[in-house]
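So the structure is just underneath, and the comments pick up after that.
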Amino acid sequence: MTYPYQIKTLEDYNRQYKESIENPEKFWANVADNFTWQKKWDKVLDWNFKEPNVKWFSGGKLNITENCLDRHLAKNGDTPAILWESNNPKEQSRKITYKELHFKVVQFANVLKNNGIKKGDRVCIYMGMIPELAIATLSCARIGAVHSVIFGGFSAQAIADRLLDAKSEFIITCDGAFRGAKDIPLKSVIDDALVGNKTIKSVIVYERTQTPVSMIKGRDVWWEDEIKKVEASGNPDCPAEIMDAEDVLFILYTSGSTGKPKGVVHTIAGYMVWTNYTFVNVFQYQPGQIHFCTADVGWITGHSYIIYGPLSAGATSLMFEGVPTYPDAGRLWDIVDKFKVDILYTAPTAIRSLMGCGEEFHKNKNLSSLKVLGSVGEPINEEAWHWFDKNIGKEKCPIVDTWWQTENGGIMISNIAGVTPGIPSYATLPLPGVQPCLVDEMGKEIKGNNVNGNLCIKAPWPGIIRTTYGDHERCRQTYFSAYPDKYFTGDGCLRDEKGNYRITGRVDDVLNVSGHRIGTAEVENAINMHTGVIESAVVGYPHDVKGQGIYAYVIFDENHPNANLSKQDILQTVTRVIGAIAKPDKIQFVPGLPKTRSGKIMRRILRKIAEGETSNLGDTSTLLDPSIVTLIIEGKV
Ligand code: PRX
567 MTYPYQIKTL
577 EDYNRQYKES
587 IENPEKFWAN
597 VADNFTWQKK
607 WDKVLDWNFK
617 EPNVKWFSGG
627 KLNITENCLD
637 RHLAKNGDTP
647 AILWESNNPK
657 EQSRKITYKE
667 LHFKVVQFAN
677 VLKNNGIKKG
687 DRVCIYMGMI
697 PELAIATLSC
707 ARIGAVHSVI
717 FGGFSAQAIA
727 DRLLDAKSEF
737 IITCDGAFRG
747 AKDIPLKSVI
757 DDALVGNKTI
767 KSVIVYERTQ
777 TPVSMIKGRD
787 VWWEDEIKKV
797 EASGNPDCPA
807 EIMDAEDVLF
817 ILYTSGSTGK
827 PKGVVHTIAG
837 YMVWTNYTFV
847 NVFQYQPGQI
857 HFCTADVGWI
867 TGHSYIIYGP
877 LSAGATSLMF
887 EGVPTYPDAG
897 RLWDIVDKFK
907 VDILYTAPTA
917 IRSLMGCGEE
927 FHKNKNLSSL
937 KVLGSVGEPI
947 NEEAWHWFDK
957 NIGKEKCPIV
967 DTWWQTENGG
977 IMISNIAGVT
987 PGIPSYATLP
997 LPGVQPCLVD
1007 EMGKEIKGNN
1017 VNGNLCIKAP
1027 WPGIIRTTYG
1037 DHERCRQTYF
1047 SAYPDKYFTG
1057 DGCLRDEKGN
1067 YRITGRVDDV
1077 LNVSGHRIGT
1087 AEVENAINMH
1097 TGVIESAVVG
1107 YPHDVKGQGI
1117 YAYVIFDENH
1127 PNANLSKQDI
1137 LQTVTRVIGA
1147 IAKPDKIQFV
1157 PGLPKTRSGK
1167 IMRRILRKIA
1177 EGETSNLGDT
1187 STLLDPSIVT
1197 LIIEGKV
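Throughout, our numbering is defined as the position within the sequence shown, counted from one, plus 566.
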């Protein structure tokens, strides 16, 4: 496979960037020409950010799986598409070639059809990191069904909310998942989510852990049994459903500043072009290389850089079931050596946790196959950047610091490996097609360099969010209303004297815990469900490994017995309502919260106290009861 649009030099970057801004339609038509279309588009781009309404390649007909699978078969059918490493280092790894993956996707697509799933239906996928997860997503795409993957760490309640919001009638899951030393009983969580549910028509269960599960008659079926039925039917084919460029490919839920997660919607053609283009360029992928992205497919990074980006490029994508610290903190380096990984794409939180484990875990590992390192999910601090560079990249591998969001589909601001320079803790320059700008609180654009502001994007790129599922107005309000005619990212940002971008973190009430987005309002809602809680306020504070930790101030009902037990109960409540990922790291019981006369909680003060600041708390004169601040400082945990 060749990539005529691959940027090779700094001049290429400058030229492509200029072209993409001056004539986006021509630029993206040239890139899109390299894909398989059943019918070419009528119009490359139609847009306004008012509604918003963005359409890429409208009139075009295609199926993304023909681009991720069929088109590679003739020349690269025997190339591994997915390599898989088990959680258990002693279990045999797996290699699935493009031919085999195509076969399995087609076969499972027939299973979906036999179970009544049709084009446009929403299918919830709740699985561990096994190749069948990729097969399930691609099989949905094959028949035009919309997948909604839910991360294995979310609770039954969180799943139930998402099923309802997406009006899903079908679920694909596993009996359980292996993750580090833990077995996660996925099917049992699904069963809890489905108590009282009358809309789910079928649950397809893949057997991974041999955990006992309850299979409900008329609803639950085993993956393997269904495959046998397809084999017995003697019809192995499943032609790709012909889809419109702007048909929905998937929904992925993400947290915002309100209590309810949003279903971010991505559509087929734009997302495909964007993930492919960014994959091939940022990582400088060369055919034959092994790309290892350590993210979970339950998050956007896994969607874009384990499945769609690499597979649309005919690349070999390595998928890992476990965690970097199991059975010990050398696991990633063992995997790099075992598979001779060329590109390693991971998260600052993983780097920081491994950094703290000592050098014996990487010192004697053979990491010489590595050519490019990548970071995503949160700002990477300089110490972690240098550790990664020195100990893992041996000061020979460019590190790409890739800034982007679930809503963006793919990488937006990043250096290009070996082509544009990397700077520790800077995402650096926008990719072609991306027009960042900084605005002040009033929405006025801040021009020039050496400035700080809120990061917005001025014009659409192919992977932009199209809507929030079932509620377009919410999409408009969240992303397109704060600053007219701009997409607002929710991030603060600095532009240095040379025009390089450095993301400084969220400016809204969204936390970034271990690279996962969690809304403070969501956590507060969960805490407030506990009987002993009167009110709560949640803020982030700097955490050495997680980037941000969750600090909860809770007004506890004094008449409730046993305060110690109740802290545990609160943690249990959050785990039930959202999942263990949202558990507060610290809980402080407080007699009251700092509120303005109009009843608004002054989070700025709570954030400062959580950060350890006790004197410079800013203006507290507008508080209804300033003495509450002293009491909170005295009781800090
Ligand atoms: O604050 C930014 C941070 O993660 C947020 C997006 O989170 P999510 O949608 O979960 O997607 C994460 C993976 C793409 C952003 O608003 N973020 C992501 N990457 C970086 C980053 N902050 C700084 N530097 C990055 N490279």
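Quick reminder that beta carbons are idealized off the backbone N, C-alpha and C, glycines included.
Should residue i go down as buried or exposed, given a rule of 16 or more other Cβ atoms within 10 Å for buried?
| i | result |
| --- | --- |
| GLN582 | buried |
| VAL761 | exposed |
| ASP1057 | buried |
| ARG785 | exposed |
| ASP778 | Per the sequence shown, residue 778 should be read as Pro rather than Asp. Per the 10 Å Cβ criterion, exposed. |
| ASN774 | At residue 774 the sequence reads Arg, which differs from the Asn that was named. Flag for ARG774 reads buried. |
| ALA950 | buried |
| SER870 | buried |
| LYS753 | buried |
| LEU1205 | In the structure as shown, the chain starts at 567 and stops at 1203, and residue 1205 therefore has no counterpart that could be examined. |
| GLY1014 | exposed |
| LEU576 | exposed |
| VAL1156 | buried |
Report the CB separation of residue i from residue j in whole angstroms; it is logged as a contact under 8 Å.
| i | j | result |
| --- | --- | --- |
| ASN981 | ASP967 | 7 Å |
| VAL1079 | GLY1115 | 7 Å |
| VAL938 | PRO914 | That belief does not hold up - the Cβ atoms of VAL938 and PRO914 are roughly 17 Å apart, past 8 Å. |
| VAL712 | ARG1032 | The Cβ separation is near 12 Å, so there is no contact. |
| LYS685 | ILE662 | The pair is not a contact, with the Cβ atoms about 26 Å apart (cut-off 8 Å). |
| SER624 | VAL671 | Actually they are not in contact, since the Cβ atoms of SER624 and VAL671 sit about 27 Å apart, beyond 8 Å. |
| THR602 | LEU628 | 7 Å |
| ALA879 | MET1095 | About 45 Å separates the two Cβ atoms, so there is no contact after all. |
| ILE1144 | ILE1121 | Between ILE1121 and ILE1144 the Cβ distance is about 20 Å, and since that is not below 8 Å, they are no contact. |
| ALA1087 | LEU1172 | ALA1087 to LEU1172, Cβ: 14 Å. No contact. |
| GLY829 | GLY1029 | So it is not a contact: roughly 16 Å between Cβ atoms. |
| VAL755 | ILE770 | Rounded, the Cβ-Cβ distance is 16 Å, inconsistent with contact. |
| VAL597 | TYR843 | 6 Å |
| HIS832 | GLY975 | 6 Å |
To which residues of the same chain is residue i closer than 7 Å at the C-beta, ignoring the five residues directly before and after it?
| i | result |
| --- | --- |
| ARG1083 | THR820, SER821 and VAL1076 |
| ASP894 | PHE927 |
| ARG1170 | GLY1184 |
| ASP810 | LYS627 |
| LYS1112 | THR915, VAL1079 and SER1080 |
| GLN673 | ILE793, VAL796 and PRO802 |
| LYS733 | ARG688 |
Following the continuous beta strand (DSSP E) through residue i, name the residue where it begins and the one where it ends.
| i | result |
| --- | --- |
| TYR1119 | 1113-1122 |
| GLU735 | First-last for GLU735: undefined, no H or E at that position. |
| LEU1077 | 1076-1079 |
| PHE858 | 856-859 |
| ARG1072 | 1067-1072 |
| HIS1109 | 1099-1109 |
| GLY1056 | 1053-1061 |
| ILE1093 | Run containing ILE1093: none in the beta strand (DSSP E); it sits in the alpha helix (DSSP H), 1086-1094. |
| LEU877 | That residue, LEU877, is in no beta strand (DSSP E); its alpha helix (DSSP H) goes 875-878. |
| VAL712 | 712-715 |
Within its chain, find whatever has a CB closer than 8 Å to the CB of residue i; leave out the 5 residues flanking it on each side and keep chain order.
| i | result |
| --- | --- |
| CYS1059 | PRO1002, LEU1004, ASN1018, GLY1019, ASN1020, LEU1021, TYR1067, ARG1068, ILE1069 and THR1070 |
| PRO655 | PRO893, ARG897 and ASP900 |
Over the uninterrupted alpha helix (DSSP H) stretch that includes residue i, give me the two end residues.
| i | result |
| --- | --- |
| ILE709 | 697-709 |
| HIS832 | Where HIS832 is concerned, there is no enclosing alpha helix (DSSP H), although the beta strand (DSSP E) it sits in stretches over 828-833. |
| TRP650 | Counting along the chain, TRP650 falls outside any alpha helix (DSSP H), though it belongs to the beta strand (DSSP E) covering 646-651. |
| GLU577 | 576-588 |
| CYS690 | No alpha helix (DSSP H) contains CYS690, which is instead part of the beta strand (DSSP E) from 688-692. |
| SER934 | No alpha helix (DSSP H) contains SER934, which DSSP labels as neither H nor E. |
| ALA759 | 752-759 |
| ARG774 | Looking at the DSSP string, ARG774 is not in any alpha helix (DSSP H), and its letter there is neither H nor E. |
| ARG745 | Element bounds for ARG745: not the alpha helix (DSSP H) but the beta strand (DSSP E), 743-745. |
Quick one: what's got a C-beta closer than 6 Å to residue i's C-beta in the same chain, skipping five residues either side?
| i | result |
| --- | --- |
| ALA726 | ALA759 |
| PRO996 | ILE979 and PRO1002 |
| ALA702 | ILE691 and ILE738 |
| LYS1174 | LEU1183 |
| ILE1194 | GLY1158 and PRO1160 |
| PHE858 | LEU884, VAL907 and LEU910 |
| ALA881 | TYR851 and HIS857 |
| ASP599 | none |
Three or more C-beta pairs below 8 Å linking the stretch 695-703 and the stretch 645-654: yes
State whether the stretch 817-831 contacts the stretch 801-809, with contact taken as three or more CB pairs (one from each stretch) at a distance under 8 Å. no
Touch test, the stretch 779-792 against the stretch 677-693, Cβ-Cβ under 8 Å, three pairs minimum: yes
Using 8 Å as the Cβ pair cut-off and three pairs as the minimum, do the stretch 858-870 and the stretch 709-726 touch? yes
Check whether the stretch 872-885 and the stretch 825-843 are in contact - that is, three or more C-beta pairs closer than 8 Å. yes
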